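These notes concern the structure reproduced below.
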Amino acid sequence: MEEIRAWAFESDSPWPGQDFDLSVAELHFADLIIELSCDASCPKKDFFLSCAYIIVGDAVMTEYETRSKAGVEQFLQQIKATNNERLLTLYKLGTKLVATPSSFDYDFWCGEGCLAQYKVS
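Numbering (our numbering), first residue to last: 1368 to 1488.
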C-alpha cells in the first residue's frame, strides 16, 4: 500500500504496468482510493477516482462476481461520508447503477469516460 501511495505523489513516475488500475481497483484498497481521490495535492487523484468507478462498474457488469453487492454498497456509503463533490457524484451515479444495472456503460464505468464529467473547459 505504501508503494501505491508513493507512486501517487510522484507526478512524473511511469505507469507501473499493464492492468495496474485493475490491481488497485479493489475493495481492500477502498480507504486509500477514497483518500487519494479527495486529496487536492495528489497528482494522480483522477487515477484513484477512476479506480473507484471501476470498483462499482465492474461489480455491476459481472453481476457481483468480482465484488459482493454488500461490499459495493458499503463502499458507496464510505464515499457518501466524504462530502467530496467528485465522490458525491460517484455516489449518486453508483446508487442509480446498482438499482438499474441495465444502465451500465462500459466506457463510462470501466474506461476513462467517467472522468470527462470533471474536466473544466
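From the three backbone atoms N, C-alpha and C, an ideal C-beta is built for every residue, glycine too.
The structure displayed is predicted, hence computed values, not measured ones.
Cβ-Cβ distance between residue i and residue j below 8 angstroms
i: I1422; j: R1434; result: yes
i: I1400; j: T1449; result: no
i: Q1445; j: A1397; result: yes
i: D1413; j: L1482; result: yes
i: A1375; j: L1403; result: yes
i: R1372; j: L1416; result: no
Neighbourhood of residue i by C-beta, 6 angstroms cutoff - its chain only, sequence neighbours within 5 removed
i: P1410; result: S1378
i: P1383; result: none
i: S1488; result: Any reading at S1488 must be qualified, since the residue scores a pLDDT of 42, below 50, and its modelled position is unreliable; no value is offered.
i: D1472; result: none
i: V1391; result: C1418
i: E1432; result: none
i: N1451; result: C1405
Supposed close pair residue i, residue j - CB separation, criterion 8 angstroms
i: L1455; j: K1447; result: 7 angstroms
Candidates the options: closest to residue i by CA position
i: K1436; options: D1406, A1426 and P1381; result: A1426
i: D1386; options: E1430, C1418 and V1465; result: C1418
i: E1430; options: M1368, V1465, E1370 and C1405; result: V1465
Own chain partners of residue i with C-beta closer than 8 angstroms, once the 5 adjacent residues on each side are dropped
i: K1463; result: S1470
7 angstroms CB neighbourhood of residue i in its chain, flanking five on each side removed
i: S1380; result: W1374
Is the number of C-beta pairs between the region 1430–1448 and the region 1471–1480 that are closer than 8 angstroms three or more? no
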